[in-house]
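Just so you know, numbering that gives the first Met the number 0 puts 235 at position 236 of the sequence shown, and the rest follows in order with no gaps.
Glycine included, each C-beta is placed from N, C-alpha and C at the ideal position.
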Amino acid sequence: MKNKTARTDRMAAFRIVVVYAIFGCLWILCSDTVLGWIIHDPVLITRIAIYKGLLFVLTTAFLLYHLIARHVRRLTKANRRVAASEERFQAIYDNMLEAVLILDPATGKIVDVNRTTCELFGFSRTEALSLTLREICSEDSSVSESEPMERLALAAKGIPQLLDRVARKKAGTLFWADISMRKAEINGDELVIALLRDISERKKIEEDVAFFKKLVETSRDPVYVLSPRQDWRMFYANQAACVHYGMTLEELQQKRIPDWDPDFDMASLDRVFQQMKEGQSMRFETRHRVASGKLVPVEVTTNYLVHGGEELAFGYYHDISERKRAEEELRESEARYRGLVEMFPEAIYIHTGGKLVFANSHGARLVGVEHPEDLYGREALDFVHPDYRDFVTNRIKNAFEQDSFNPPVEEVFLRADGVPVQVEVSSVAFTYHGAKALQVVARDISERKKRQEELVKAQKLESLGLLAGGIAHDFNNLLTGIMGNLSMMREELPTDHPLQERLSRCEKAINQTTGLTCQLLTFSRGGEPVKKLFDLRPVLRDTISFALRGSNVALELAMADDLWSLEADEGQLCQVLNNLIINAGQAMPNGGTVRVEVDNCRLSAVEVPPLAPGDYLLISVIDQGIGICPEYLDKIFDPYFTTKESGSGLGLTALYSIVRKHKGQVLVSSQIGVGTTFRIYIPACLEKKGILPAPEDQTPLMVSIDGAFILVMDDELQIRELSEEMLRLIGCRVESCAGGEELIELYRQGIMEGWRPDAVIMDLTIPGKMGGLEAAQRIMEIDREARLIVSSGYSNDPVMANYRAYGFAGFLIKPYRIDDLSQVLNRVL
0 MKNKTARTDR
10 MAAFRIVVVY
20 AIFGCLWILC
30 SDTVLGWIIH
40 DPVLITRIAI
50 YKGLLFVLTT
60 AFLLYHLIAR
70 HVRRLTKANR
80 RVAASEERFQ
90 AIYDNMLEAV
100 LILDPATGKI
110 VDVNRTTCEL
120 FGFSRTEALS
130 LTLREICSED
140 SSVSESEPME
150 RLALAAKGIP
160 QLLDRVARKK
170 AGTLFWADIS
180 MRKAEINGDE
190 LVIALLRDIS
200 ERKKIEEDVA
210 FFKKLVETSR
220 DPVYVLSPRQ
230 DWRMFYANQA
240 ACVHYGMTLE
250 ELQQKRIPDW
260 DPDFDMASLD
270 RVFQQMKEGQ
280 SMRFETRHRV
290 ASGKLVPVEV
300 TTNYLVHGGE
310 ELAFGYYHDI
320 SERKRAEEEL
330 RESEARYRGL
340 VEMFPEAIYI
350 HTGGKLVFAN
360 SHGARLVGVE
370 HPEDLYGREA
380 LDFVHPDYRD
390 FVTNRIKNAF
400 EQDSFNPPVE
410 EVFLRADGVP
420 VQVEVSSVAF
430 TYHGAKALQV
440 VARDISERKK
450 RQEELVKAQK
460 LESLGLLAGG
470 IAHDFNNLLT
480 GIMGNLSMMR
490 EELPTDHPLQ
500 ERLSRCEKAI
510 NQTTGLTCQL
520 LTFSRGGEPV
530 KKLFDLRPVL
540 RDTISFALRG
550 SNVALELAMA
560 DDLWSLEADE
570 GQLCQVLNNL
580 IINAGQAMPN
590 GGTVRVEVDN
600 CRLSAVEVPP
610 LAPGDYLLIS
620 VIDQGIGICP
630 EYLDKIFDPY
640 FTTKESGSGL
650 GLTALYSIVR
660 KHKGQVLVSS
670 QIGVGTTFRI
680 YIPACLEKKG
690 ILPAPEDQTP
700 LMVSIDGAFI
710 LVMDDELQIR
720 ELSEEMLRLI
730 GCRVESCAGG
740 EELIELYRQG
750 IMEGWRPDAV
760 IMDLTIPGKM
770 GGLEAAQRIM
780 EIDREARLIV
790 SSGYSNDPVM
800 ANYRAYGFAG
810 FLIKPYRIDD
820 LSQVLNRVL
């Protein structure tokens, strides 16, 4: 550009010189020729030549002036046009929306910038001209750092460049810029003009478009765009839609909505589209036909959309097959739940806003209402006892505030007839038909409370029983001392001595006392019967006379003359008879007669189930009392069942248990206002031939066992001393000890020294030391041939009842006499 201007200037000067030279040459040639033609005088010619020269100078000066002035005018006019052009260019340059940078391609230095560049970057013009292209371009990890300079070099070679690059403002702010570069020659210099535009918004839009396009393309729900103008064909569908239908996008675009949605026709589609155009977002359920021909339930959401001037329907849908299946399962589950709730053995209520909205049939029955529907709409607190209403109100408030489960607590409900009901209630807050509600589960605990009270009674009785057992045990130990000494006195005195009668009466009194201790033990511990062969007649006479002593009830006793013997637990059988007779007396508060009948009875196979056929003693106790209600007859043997205010409900239960353990049976019949009859069947013992004489006719039999060596173990010194005396009296050698450990050591020592005790008498229970049972096991380990006899005041202990099963050869029940001791030793030895 600069060379062109210089060339133009030279041409202008050359034109002036050429004009001047032509004019000068023509002037000289023409003037001299004309002058030579006109004048021939040399002097005159010379003089005229001088004037001609002056005229030439003036003429050429005028010509030069004219030429120069004309050139200047033209130059001035051109300069004005250039200045105006430059002003227009600068205005355009500075007011361009794009930033313009004129760059030196060799160094990348900024040669010039427009005002937009300064405003965009925040630099002054001076600051901008001190920067390079590299300095205004931020580092971008996605492209090479040298890329701007490489692109600048390509632009300088005449290859236009276009790139998007992150640029940096003076404040350090980064923005996306669109940079176009093109080669340009300015004032003779080869430069590069770069146009730069801030495209941050465009980039954001592009990123948003890419983001949402990615969302649509990767959406698991099918997304579609429909064209009403093209007969409701697919304008667009994402990959999920293609997978759903089992078709390609091209195949989908050939189908109209009615082809794959049988629930819509063209008219209904137009109506729906009109609603969408009015701004309504449509959501509905329908069915779509897939490539296999199967109709799949879907939920569709669609909206109105304008794109490229075309009205479209845009939306998405998702397969609701699983939801439909879940809804069906939920309906079935609700039906099952309702059935379960109805069958649930507890009362279930739901109340919202304080009013009952649901109850199952058990809930209705609990509060004395026939149908659950009769409870709906009624205040829940109406069925709560007034004493508990404040408590229940706080529980409801707490459940709603904390949205938590209320653990079971005991409350009292109020039935419709005003009768209170003890219940255990738990509740939980939940949402019922869109409203906060409370589900309540209530259990009738009236029976449980009664059982708890009965359990307390039983525990008290158990404590009393333990006390009674301890008393009986200690009492039997004391009686053993008395009984043993009395029996030895009888042996030492002549049979016709006057004191023999008194001693016999003392023994009889002790026997009666022993019966009382047996009843105490049976009451305290129950247990297996300790059977022995005995005659029922004297036992029956003593028991019934004792039971009715001091009452206004008369007694009739009828027994068969040839009554069979029994092998039973005498103490437990006394307890059975005692309970029956006392019950009979209590059934006749105004007096009357109790009749007791005892007879032999031979039963067939089905006569009295479940008894086996065989021989039994039948004991009948008949009263003339008030009788037992028919509805109570099946319950009288249940634990804790009683119709008496002061009764424990255990008497008949214990009676039934004792009889059944003797392999017998109890039958009862009753008539209101007439009386009650109890019939007890106890197996008779016919294997032992003959009928036993009555106890008062028996003469104590002492068997002498000379030379036998007996070990005695008992924690009571009095009993040890008494046992030693009785054993020595019948000719035995004896050694005693107080505990199981000492006994084992004595026995082991004897074995080592070569002698063995003939028998060992062992107390079953020793407080704080090894008792007879454990000691017997240890001795049997030492000597399998040991002959062991167990002794205890707990006559109904299972060990006493089944002594052979525990390794014992015999047993002695305290209190015992010298003849009892000698007979046991005789059997064992």
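query                                                                                                                                                                                     : result
From L700 to I581, what distance separates their C-alpha atoms?                                                                                                                           : A caution first: L700 carries a pLDDT of 46, below 50, which makes its placement in the model unreliable, though a value can still be read off. Going from the Cα of L700 to the Cα of I581 covers about 36 angstroms.
Buried or exposed: P227, going by 16 or more other Cβ atoms within 10 Å of its Cβ?                                                                                                        : buried
For L248, I'd like the list of residues in its chain whose CB is within less than 7 angstroms of its CB, leaving aside the five on either flank, ordered along the chain.                 : A236, C241
Using the rule of at least 16 other Cβ atoms within 10 Å of the residue's Cβ for burial, across every protein chain shown, is I217 buried or exposed?                                     : For the sequence presented, residue 217 should be read as Thr rather than Ile. So T217 ends up on the exposed side.
Can you list, in chain order, the residues of its chain whose CB lies under 6 angstroms from that of V597, leaving out five sequence neighbours each side?                                : M558, I618
Any idea what DSSP makes of M487, helix, strand or coil?                                                                                                                                  : helix
Based on Cα-Cα distance, which residue from R196, P608, A239 lies nearest to K213?                                                                                                        : A239
For L355, which residues does DSSP report across the bridge?                                                                                                                              : H350
On the criterion of 16 or more Cβ atoms from any shown chain inside 10 Å, does R270 qualify as buried, or is it exposed?                                                                  : exposed
DSSP on G809, reduced to helix/strand/coil?                                                                                                                                               : strand
Tell me which residue opens and which closes the beta strand (DSSP E) that L313 is part of.                                                                                               : Residue identity differs from the one stated: residue 313 is Phe in this sequence, not Leu. That run of the beta strand (DSSP E) goes 309–318.
Apart from the five residues on each side of it in sequence, which residues of its chain come closer than 6 angstroms, Cβ to Cβ, to C505?                                                 : L485
So what does DSSP say about N94, is it helix, strand or coil?                                                                                                                             : helix
Verify the CB distance criterion: does T285 have a CB-CB separation below 9 angstroms to chain D?                                                                                         : Of the protein chains in the structure, only one exists, and it is not chain D.
Need the endpoints of the beta strand (DSSP E) that G749 sits in, please.                                                                                                                 : That residue, G749, is in no beta strand (DSSP E); its alpha helix (DSSP H) goes 739–752.
Taking Cβ to Cβ, would you say F399 is nearer than 9 angstroms to K435?                                                                                                                   : yes
Can you have a look at N589 and say buried or exposed, based on whether 16 or more other CB atoms are within 10 angstroms of its CB?                                                      : exposed
Where are the beta strand (DSSP E) runs, 3 residues long or more, that stay fully inside the stretch 569–656, in chain order?                                                             : 591–602, 613–621
Going by C-alpha to C-alpha distance, which of F313, E85, A12, M95 sits closest to R69?                                                                                                   : A12
Does the stretch 805–824 come close enough to the stretch 769–778 that 3 or more CB-CB pairs lie under 8 angstroms?                                                                       : yes
Report the three-state DSSP secondary structure of D258 (helix, strand or coil).                                                                                                          : helix
Once you ignore the five residues that flank L119 on each side, which residues in its own chain have a CB closer than 7 angstroms to its CB?                                              : A98, D197
Going by DSSP in three states, K531 sits in which element: helix, strand or coil?                                                                                                         : strand
Considering Y680, what are the terminal residues of the beta strand (DSSP E) in which it resides?                                                                                         : 674–682
Using a Cβ-Cβ cut-off of 7 angstroms (strictly less than) and excluding sequence neighbours within five positions of L492, which residues of its own chain qualify?                       : L498, Q499
Would you mind working out which of A363, S445, R377 sits nearest P371, comparing C-alpha positions?                                                                                      : A363
Might you give, ordered along the chain, the residues of its own chain that have their beta carbon closer than 8 angstroms to the beta carbon of L96, omitting 5 neighbours on each side? : T115, R196
Which residues share a DSSP beta bridge with K182?                                                                                                                                        : V191
Only counting the same chain, and skipping five residues up and downstream in sequence, which positions put a Cβ closer than 8 angstroms to that of V16?                                  : none
DSSP state of M712, grouped into three classes?                                                                                                                                           : strand
If you run the structure through DSSP and keep just helix, strand and coil, what is A83?                                                                                                  : helix
For L811, tell me which candidate among Q89, M779, V711, R394 has the shortest Cα-Cα distance.                                                                                            : V711
Considering only the alpha carbon of each residue, which of P41, L194, F88 lies closest to I109?                                                                                          : L194
Can you name, in chain order, every residue of its own chain whose Cβ lies under 6 angstroms from the Cβ of L820, other than the five neighbours on each side?                            : M725
Going straight from the alpha carbon of P407 to that of V427, what length do you get?                                                                                                     : 11 angstroms
As an exercise, report each continuous beta strand (DSSP E) stretch of at least 3 residues that is fully enclosed by the stretch 201–266, in chain order.                                 : 222–226, 232–236
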